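J.:
In my numbering, the protein residues as written are 849 to 971.
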């Protein structure tokens with residue numbers, strides 16, 4: 849079960865590999881159609897939910913978000929909480945690009961939704 853979406857100047861790289869217990873969204877998320885983008889990811893997870901094993905990490909390694917992406921990512925995380933998929937959210941803090949605002953937004957969303965998460969330093 850794999851999903852690979854290449855990144856662009858406004859959309860993140862998406863690499864989901866449930867056989868390896870690994871989900872990653874990385875890069876910049878500033879696309880105007882963010883709701884559709886993240887809805888596509890939610891639908892893929894829903895279609896493959898039986899293959900999600902406890903402790904599977906969803907790594908969010910994002911440098912920058914626009915307001916449309918913040919709303920869309922919140923809905924995406926809300927779907928994860930609603931479905932009770934056993935994902936552990938990993939938010940990466942990138943010292944090089946100082947994405948501390950992104951980290952803060954994602955941490956607050958996880959807290960509000962009572963999702964398991966941690967912040968890791970990315971070197």
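Heads up, the beta-carbon is just placed ideally off N, CA and C, and yes, glycines get one too. All values derive from a computational prediction rather than experimental measurement.
Do residue 916 and residue 874 have their C-beta atoms closer together than 8 Å?
T.: Cβ atoms of residue 916 and residue 874: not closer than 8 Å.
J.: Counting only beta-carbon atoms, is residue 889 nearer than 8 Å to chain B?
T.: The structure shown contains no chain B; it is built from a single protein chain.
J.: Residue range of the alpha helix (DSSP H) that residue 946 falls in?
T.: Unbroken run through residue 946: none, as it is neither H nor E.
J.: How would you label residue 880, buried or exposed, when you count the other beta carbons within 10 angstroms and need 16 or more for buried?
T.: With fewer than 16 other Cβ atoms within 10 Å, it is exposed.
J.: Do you know offhand how far residue 933's Cα is from residue 944's?
T.: Approximately 32 Å, taken between the alpha carbons.
J.: Residue ranges of each alpha helix (DSSP H) run of no fewer than 4 residues wholly in the region 887-968, ordered along the chain?
T.: Those alpha helix (DSSP H) runs which fall completely within the region 887-968 and span 4+ residues are 915-931, 948-961.
J.: Could you work out which residue in 858, 860, 864, 857 is closest to residue 806 when comparing CA atoms only?
T.: What the structure shows of the chain is the stretch from 849 to 971, and residue 806 is not part of that stretch, so it cannot be assessed.
J.: Cβ of residue 899 within 8 Å of Cβ of residue 947?
T.: No; because the gap between Cβ atoms is not below 8 Å, this pair is not in contact.
J.: Pick from 969, 941, 942, 937: whose alpha carbon is nearest that of residue 958?
T.: Checking every option, the nearest Cα to that of residue 958 belongs to 937.
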